[in-house]
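Q: Got a structure for you, questions after.
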Amino acid sequence: MSAAPIRGETAPMRRETVNGVEWLVLPDAPPWLFLAFTTRRGGVSQGPWAELNVGRSTADEPARVEANRRRVLQAAGPGWRWAAMPHMVHGADVAVVRAGEPWAPGQAPRADGLVTTDPGVLLWATYADCVPVFLWGESAGAWGPEGTETAAAVAPAGGGAPRRGVALAHAGWRGTLAGVAPVAARTLAGALGTEPARLHALIGPSIGPCCFEVDEPVLARLARELPWAEDVLSPSPRGAGYRHWDLWETNRRLLVEAGLDPRHVAVAGLCTACDTETFFSHRASGGRTGRMAGLIGIRPGW
Numbered sequence: 001m002s003a004a005p006i007r008g009e010t011a012p013m014r015r016e017t018v019n020g021v022e023w024l025v026l027p028d029a030p031p032w033l034f035l036a037f038t039t040r041r042g043g044v045s046q047g048p049w050a051e052l053n054v055g056r057s058t059a060d061e062p063a064r065v066e067a068n069r070r071r072v073l074q075a076a077g078p079g080w081r082w083a084a085m086p087h088m089v090h091g092a093d094v095a096v097v098r099a100g101e102p103w104a105p106g107q108a109p110r111a112d113g114l115v116t117t118d119p120g121v122l123l124w125a126t127y128a129d130c131v132p133v134f135l136w137g138e139s140a141g142a143w144g145p146e147g148t149e150t151a152a153a154v155a156p157a158g159g160g161a162p163r164r165g166v167a168l169a170h171a172g173w174r175g176t177l178a179g180v181a182p183v184a185a186r187t188l189a190g191a192l193g194t195e196p197a198r199l200h201a202l203i204g205p206s207i208g209p210c211c212f213e214v215d216e217p218v219l220a221r222l223a224r225e226l227p228w229a230e231d232v233l234s235p236s237p238r239g240a241g242y243r244h245w246d247l248w249e250t251n252r253r254l255l256v257e258a259g260l261d262p263r264h265v266a267v268a269g270l271c272t273a274c275d276t277e278t279f280f281s282h283r284a285s286g287g288r289t290g291r292m293a294g295l296i297g298i299r300p301g302w
């Protein structure tokens with residue numbers, strides 16, 4: 001069954017500068033939620049990686065990258081127990097992160113999605129055109145011994161406390177087709193013991209339908225794997241054999257198909273390839289560029 005053909009609401013993100021680091025935040029986020037997406041401003045890198053490149057897989061000087069990462073973590077504030085940074089492979093595997101189980105150096109899982117229900121764990125992934133999908137939710141009520149919502153959930157006065165969770169997906173075109181965003185949503189809903197309809201999602205800054213062009217091999221995969229592929233494709237100025245693909249709308253529809261309420265799925269509507277003064281863009285730079293960080297977590301103490 002295909003998702004409703006309506007477009008997602010645009011969610012304006014606000015620029016903030018914290019300790020010299022510029023990032024975008026969601027103005028109406030609940031107070032327990034930390035959510036940010038860095039720009040390229042506020043770091044020490046130079047050249048095509050200027051300034052706030054946090055990507056270790058780039059050709060930037062490693063010392064500058066680590067200095068930039070420290071700046072971002074310091075700007076996130078005190079109290080975080082650790083930052084979970086996966087080894088991303090453009091797939092649909094999702095890792096569940098625990099506050100008391102930090103990954104040893106070099107032992108990060110191969111995953112493009114992260115989920116946690118523990119306060120004080122900062123989920124982190126890097127981007128330079130791929131789609132960041134932020135997910136969060138809470139389920140108020142009493143909780144059974146296995147984390148399942150009991151009948152008392154409808155009556156919080158019975159002693160139940162809100163249970164909160166967050167997720168972060170890294171959805172390039174391969175990860176989008178693999179379904180990393182809906183897998184992350186279902187994993188988060190399962191961890192909360194609730195339905196995906198209780199979740200909220202933000203599709204963050206990434207390459208937009210204005211700039212993301214694909215050729216025949218990718219178009220053939222789209223036609224095979226998405227029954228509504230034509231709804232997210234548009235003509236390319238290059239003519240036959242090429243189309244523009246709307247990754248924002250594709251991920252939105254996949255989330256709605258996974259059970260999210262369409263009213264709870266917002267799109268930032270910011271194209272990284274159009275605004276290379278603000279963002280790093282792999283496509284717009286020909287591959288020689290830095291990476292932004294997407295960050296989400298349950299604030300320490302909540």
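1 is the number of the first residue of the sequence shown in UniProt numbering; add one for each residue after it.
Note that CB positions come from ideal geometry on N, CA and C, so glycine has one too.
1. May I have the straight-line CA-CA distance separating LEU270 from ALA50, to the nearest angstrom?
2. DSSP beta-bridge partners for SER234?
3. Cα separation between PRO262 and VAL256?
4. Kindly indicate the opening and closing residues of the beta strand (DSSP E) around PRO132.
5. Check for me: the alpha helix (DSSP H) holding TRP173 runs from which residue to which?
6. Just to confirm, is the Cβ distance from THR250 to LEU219 under 9 Å?
7. Beta-carbon within less than 6 Å of MET88's beta-carbon, same chain only, minus the 5 sequence neighbours each way: which residues are those?
8. Taking a contact to mean a Cβ-Cβ separation below 9 Å, would you say ALA268 touches MET13 in this structure?
9. Got a sec? Which residues, its chain only, sit under 8 Å from PRO48 by beta carbon, not counting five neighbours each side?
10. By DSSP, does THR272 sit in helix, in strand, or in coil?
11. Just the C-alpha distance for VAL115 and LEU33, rounded to the nearest angstrom, thanks.
12. What separation, rounded to the nearest whole angstrom, lies between the Cα atoms of residue 303 and PRO182?
13. In terms of residues, what are the limits of the alpha helix (DSSP H) holding ALA161?
14. Output yes or no for whether 9 Å exceeds the beta carbon distance between LEU222 and LEU254.
15. Use the C-beta contact count for ALA128: other C-beta atoms within 10 angstroms, 16 or more gives buried, fewer gives exposed.
16. Could you give the residue range of the alpha helix (DSSP H) that holds VAL226?
17. For GLY158 and THR194, what's the separation of their Cα atoms in angstroms?
18. Once DSSP output is grouped into helix, strand and coil, what is the label at SER45?
19. So for VAL97, helix, strand or coil by DSSP?
A: Straight from the coordinates:
1. Along the sequence shown, read from residue 1 onward, the residue named residue 270 stands at position 270. Along the sequence shown, read from residue 1 onward, the residue named residue 50 stands at position 50. Each residue's Cα considered, the two are about 20 Å apart.
2. If you number the sequence shown from 1, residue 234 lands on position 234. Note: SER234 sits in a beta bridge opposite HIS244.
3. Taking the sequence shown and counting its residues from 1, the one referred to as residue 262 is at position 262. Taking the sequence shown and counting its residues from 1, the one referred to as residue 256 is at position 256. Cα to Cα, the separation comes out at about 6 Å.
4. Within the sequence shown, numbered from 1, the residue matching residue 132 stands at position 132. Per DSSP, the continuous beta strand (DSSP E) segment holding PRO132 begins and ends at 131-139.
5. Mapped onto the sequence shown, residue 173 falls at position 173. That run of the alpha helix (DSSP H) goes 173-178.
6. Against the sequence shown, residue 250 aligns to sequence position 250. Against the sequence shown, residue 219 aligns to sequence position 219. In this structure, LEU219 does not lie closer than 9 Å to THR250 by Cβ.
7. By 1-based counting over the sequence shown, the position of residue 88 is 88. The answer, listed in chain order, is ASP112 and HIS170.
8. Here residue 268 refers to the residue found at position 268 of the sequence shown. Here residue 13 refers to the residue found at position 13 of the sequence shown. A contact, by the Cβ cut-off of 9 Å.
9. Locating residue 48 in the sequence shown gives position 48, counting from the first residue. Result list for PRO48: SER285, ARG288, THR289 and GLY290, in chain order.
10. Within the sequence shown, the letter at position 272 stands for residue 272. The answer is coil: DSSP assigns THR272 none of H, G, I, E or B.
11. The residue you call residue 115 lines up with position 115 of the sequence shown. The residue you call residue 33 lines up with position 33 of the sequence shown. Cα to Cα, the separation comes out at about 14 Å.
12. Here the chain comprises residues numbered 1 to 302, so residue 303 is not present and cannot be evaluated.
13. For the purposes of this step, residue 161 is identified with residue 161 of the sequence shown, where counting begins at 1. It is not in any alpha helix (DSSP H) - ALA161 carries neither H nor E in the DSSP assignment.
14. Numbered from its first residue, the sequence shown carries residue 222 at position 222. Numbered from its first residue, the sequence shown carries residue 254 at position 254. Contact: no.
15. Counting from 1 along the sequence shown, the entry for residue 128 is found at position 128. Answer is buried; the Cβ neighbour count reaches 16.
16. The sequence position of residue 226 within the sequence shown is 226, counting from 1. Checking the sequence, you will find Leu at residue 226 rather than Val. Run containing LEU226: none; DSSP gives neither H nor E here.
17. Sequence index remark: in the sequence shown, residue 158 carries index 158 (1-based). Sequence index remark: in the sequence shown, residue 194 carries index 194 (1-based). Confidence is the limiting factor: at GLY158 the pLDDT is only 39, short of 50, which leaves the residue's position unreliable and the question unanswerable from this model.
18. In the sequence shown, residue 45 corresponds to position 45, counting from 1. Correct three-state label for SER45: coil.
19. Within the sequence shown, residue 97 is the residue found at index 97, counting from 1. Residue state, collapsed to three classes: coil.
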